Amino acid sequence: MAIALYDLSVSNYLQALGAVAGFLDRGLAHCSDNNIDPQEIVGTRLFPDMLPFHFQVQSVAHHSLGAIQGVKAGLFQPPPQIPVGDYAGLQAMITAAQAGLQSLSAEEVNALEGREVKFKTVAFELPFVAENFLLSVSLPNFYFHATTAYDILRMKGVPIGKRDFMGKMRLKT
């Protein structure tokens with residue numbers, strides 16, 4: 025059985041975005057239960073030279089829906105500098121990425137296979153085809169930033185575990 029680009033990308037993005045939405049909800053509940061201002065988490069870093077929580081969450085959205093949009097446009101760039109918002113704004117960003125991905129059909133995404141896409145930063149430009157970009161750039165970055173956001177919440181005492189990170193598995197029905 026061949027596996028399609030939609031299954032390799034969008035299905036994985038949606039599973040993990042559901043998990044991110046869930047652990048963000050758990051983080052907000054933890055803040056409420058413990059009289060912690062959720063804005064305290066928004067700027068938290070794991071280490072001084074790492075980017076803060078808000079960047080991690082923004083990057084999850086950017087490397088999911090933003091990656092598919094970049095492939096469609098033939099150009100993907102790092103996320104623009106987005107002003108630091110509040111915790112609820114980060115949750116809304118994840119919800120918007122989920123909605124955008126859910127609006128895509130498998131046929132629409134599968135039709136992107138073989139399409140040229142450039143990954144461009146200020147310092148360099150790399151040529152890809154869609155499937156190689158999604159599998160070797162987008163998905164690894166997506167999971168890195170989701171993991172880092174999860175780790176920051178754990179560091180702040182939010183009671184989440186591996187099942188929270190994995191999200192809803194796609195079981196045989």
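With this note's numbering applied, the sequence shown corresponds to residues 25 to 197, in that order.
Yeah, the Cβ is synthetic: ideal placement off N, Cα and C, and Gly gets one too.
Keep in mind it's a predicted model, so treat the numbers as computed, not measured.
Spatial distance of residue i from residue j (CA atoms)
i, j, result
"residue 71", "residue 44", "21 Å"
"residue 54", "residue 182", "6 Å"
"residue 152", "residue 86", "18 Å"
"residue 169", "residue 197", "30 Å"
"residue 184", "residue 49", "11 Å"
"residue 65", "residue 111", "8 Å"
"residue 117", "residue 82", "7 Å"
Nearest-angstrom Cβ-Cβ length linking residue i and residue j, presumed shorter than 8 Å
i, j, result
"residue 173", "residue 77", "6 Å"
"residue 274", "residue 108", "This structure does not reach residue 274, given that the chain is present from 25 up to 197, and the question cannot be answered."
"residue 134", "residue 30", "5 Å"
"residue 166", "residue 84", "6 Å"
Where residue i sits in the DSSP three-state scheme
i, result
"residue 153", "strand"
"residue 70", "coil"
"residue 51", "helix"
"residue 195", "coil"
"residue 147", "coil"
Original post:
What runs of the alpha helix (DSSP H), each 4 residues or longer, lie entirely inside the segment 77-145?
Top reply: Runs of the alpha helix (DSSP H) inside the segment 77-145: 77-86, 89-97, 111-126, 130-134.
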